[in-house]
Amino acid sequence: MSDHGHVPQLETTAEVRARMSRQRSRDTGIEVALRRELHRLGLRYRVHRRPVKAVRREADVVFGPAKVAVFVDGCFWHGCPTHGTWPKRNGEFWRKKIETNQSRDLNTDRVLEEAGWLAVRVWEHEDPAEAAIRVLAAVGERRKPPTTRHTPGPPAESA
Numbered sequence: 001m002s003d004h005g006h007v008p009q010l011e012t013t014a015e016v017r018a019r020m021s022r023q024r025s026r027d028t029g030i031e032v033a034l035r036r037e038l039h040r041l042g043l044r045y046r047v048h049r050r051p052v053k054a055v056r057r058e059a060d061v062v063f064g065p066a067k068v069a070v071f072v073d074g075c076f077w078h079g080c081p082t083h084g085t086w087p088k089r090n091g092e093f094w095r096k097k098i099e100t101n102q103s104r105d106l107n108t109d110r111v112l113e114e115a116g117w118l119a120v121r122v123w124e125h126e127d128p129a130e131a132a133i134r135v136l137a138a139v140g141e142r143r144k145p146p147t148t149r150h151t152p153g154p155p156a157e158s159a
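Structure, rendered in structure tokens:
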């Protein structure tokens, strides 16, 4: 890492630049599959929103009233303990890059928690249906029970 906390830039080939530019950062296959499952379960949500406006962190799926923010993390980019890989070429660069991502993820979770939000992390290798059930449970636990808007009438007379 440089003195300013940024990952240094590497010289890359045109082939590497082309390959990296094709990597989607939003609407990935797992994100779309997860959203489809959430919708099938009856959940409605916002996509690619900042849960806390003052914090520059965008969640993949946001449940505003329940204050649940879902992040779909790529196994490579976020260092999945099961499927993450460490490239041999430019290994030090990638190690720092991935560790920076992991540190930012932890910070994001902490900042959201301090603001009353719950961050739910889904790995790209997870089954979308199982992940959706986990999200449904988190949203269900945090939803406020509906309030009664009418005033009860007089008690019914007994016969």
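Using UniProt numbering, you'd call the opening residue of the sequence shown number 1 and step up by one each time.
All C-beta atoms in this analysis are idealised placements derived from N, C-alpha and C, irrespective of residue type, glycine included.
Which residues mark the beginning and the end of the beta strand (DSSP E) in which residue i is found?
i: H39; result: H39 -> not in any beta strand (DSSP E); alpha helix (DSSP H) instead, spanning 29-40.
i: V120; result: 118-123
i: F63; result: 59-63
i: F71; result: 68-73
Comparing alpha-carbon positions, which option in the options lies nearest residue i?
i: H125; options: V135, P81, L106; result: P81
i: R50; options: E92, D109, I98, A129; result: D109
i: K67; options: E113, I133, P128; result: E113
First and last residue of the alpha helix (DSSP H) that includes residue i?
i: R44; result: No alpha helix (DSSP H) holds R44; DSSP gives it neither H nor E.
Would you tell me roughly how many angstroms separate the C-alpha atoms of residue i and residue j, rounded to the nearest one?
i: V72; j: W123; result: 6 Å
i: K144; j: G116; result: 14 Å
i: K53; j: A59; result: 11 Å
i: R142; j: P65; result: 9 Å
i: D27; j: H48; result: 9 Å
i: I30; j: P128; result: 7 Å
Hey, residue i and residue j are a contact pair by Cβ (cut 8 Å); roughly how many whole angstroms apart?
i: V111; j: F63; result: Contact doesn't hold; Cβ gap of about 17 Å is too wide.
i: N101; j: G79; result: 7 Å
Hey, would you say residue i sits closer than 7 Å to residue j, going by beta carbons?
i: A131; j: L41; result: no
i: W94; j: P87; result: yes
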